[in-house]
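Novice:
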Amino acid sequence: MSKAKGFISFEGIEGSGKSTQVKALAEYLRAKGHNVVETAEPGGTKIGNKIRQLLLEPENHMDPMAELLLYYSSRAQHVREIIYPAIIDNSIVITDRFIDSTIAYQGYARGIDLDLINTLNNIVVPDMKPFLTFLLDLDVEEGLSRNRRAQKEDRFELETIKFHNRVRKGFHQIAAEEPKRIKIVDASVSAEDVSRKVIEILEKSWH
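In this text, residue positions in the sequence shown follow numbering that gives the first Met the number 0: the first is 0, and each later residue adds one.
1. Quick one: Cα of Ile46 to Cα of Gly11, how far?
2. Grouping DSSP H, G and I as helix and E and B as strand, with all else coil, what is Ile50?
3. Please report the residue range of the alpha helix (DSSP H) in which Glu40 lies.
4. Between Ser189, Val188, Arg195, Ile200, which lies nearest to Arg180 when the distance is taken from Cα to Cα?
5. Taking the C-alpha atoms as reference points, what is the distance between Ser1 and Pro129?
6. Need the endpoints of the beta strand (DSSP E) that Thr132 sits in, please.
7. Touch check for the segment 72 to 88 and the segment 12 to 27: three-plus C-beta pairs under 8 Å?
8. Looking at the structure shown, is Asp218 part of a helix, part of a strand, or coil, going by DSSP?
9. Going by the DSSP bridge assignment, what does Asp185 pair with across the sheet?
10. Would you call the segment 159 to 167 and the segment 39 to 54 touching, i.e. three or more CB-CB distances under 8 Å?
11. To the nearest angstrom, how far is the alpha carbon of Phe133 from that of Glu58?
12. Quick one: is Arg96 buried, meaning 16 or more other Cβ sit within 10 Å of its Cβ, or exposed?
13. Just the Cα atoms here: how many angstroms apart are Trp205 and Arg195?
14. Since Ser187 and Glu141 should fall inside the 8 Å C-beta cutoff, what is the C-beta to C-beta distance between them, to a whole number of angstroms?
15. Can you say whether Gln20 is buried or exposed, counting buried as having 16 or more other CB atoms within 10 angstroms of its CB?
16. May I ask you to report which of helix, strand or coil DSSP gives Ser1?
17. Please state whether DSSP places Gly106 in a helix, a strand or coil.
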């Protein structure tokens with residue numbers, strides 16, 4: 000997969016503050032005169048948002064393979080409707096989750112074969128990876144506690160602590176394999192401190 004310099008992703012466990020940092024970075028880049036598209040997975044499109052509902056509703060008990068394929072259905076629409084056109088238009092795309100979440104959640108945590116996931120990546124997004132990925136790292140119990148306080152509970156928040164620890168370990172494994180692209184940021188500090196670190200890393204990476 001090639002990397003588009005205008006494509007940035009945020010990854011992390013539940014409650015790590017990804018959506019907050021997407022907005023903060025988008026505001027920073029717009030203030031510098033860039034066109035920025037903020038988006039998220041699953042979702043980002045009308046079709047993707049319907050799939051998102053299926054994936055996140057707590058009452059939906061889902062087979063792991065069905066879950067995986069729904070994510071890729073959403074992603075196929077997302078990259079073709081939103082991401083590719085924006086990058087071709089020289090906009091900067093910032094997404095809350097992308098392929099690394101699938102590898103961490105469905106691969107490392109659910110136990111689906113990583114070769115299968117990589118094959119699906121090559122089919123659905125054959126020519127694109129983020130130029131830079133920020134992995135917002137946080138203790139699992141703290142992340143889940145943050146979401147409970149914010150009254151954010153979906154199907155994944157209801158998973159066991161062991162599941163979420165597997166997700167976190169999965170993210171760390173991916174980061175170890177791609178240290179140039181994936182930068183780990185301590186998300187236990189204030190949102191303002193996280194944002195400052197993200198901007199510092201981005202500016203160094205672009206120059």
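Ideal placement from N, C-alpha and C gives every residue a C-beta, glycine not left out.
Specialist: In short:
1. 24 Å
2. helix
3. Where Glu40 is concerned, there is no enclosing alpha helix (DSSP H), given that its DSSP letter is neither H nor E.
4. Ile200
5. Note on Ser1: pLDDT 48, under 50, position unreliable in the model; the coordinate value appears next. Answer to the nearest angstrom: the Cα atoms are 9 Å apart.
6. 128 to 136
7. no
8. Outside the modelled stretch of the chain, which goes from 0 to 206, sits residue 218, for which no answer is possible.
9. Asp136
10. no
11. 31 Å
12. buried
13. 16 Å
14. 7 Å
15. buried
16. Residue placement at Ser1 cannot be trusted, given a pLDDT of 48 that sits under 50; what the coordinates show is reported in the next sentence. Of the three classes helix, strand and coil, the one that applies to Ser1 here is coil, per DSSP.
17. helix
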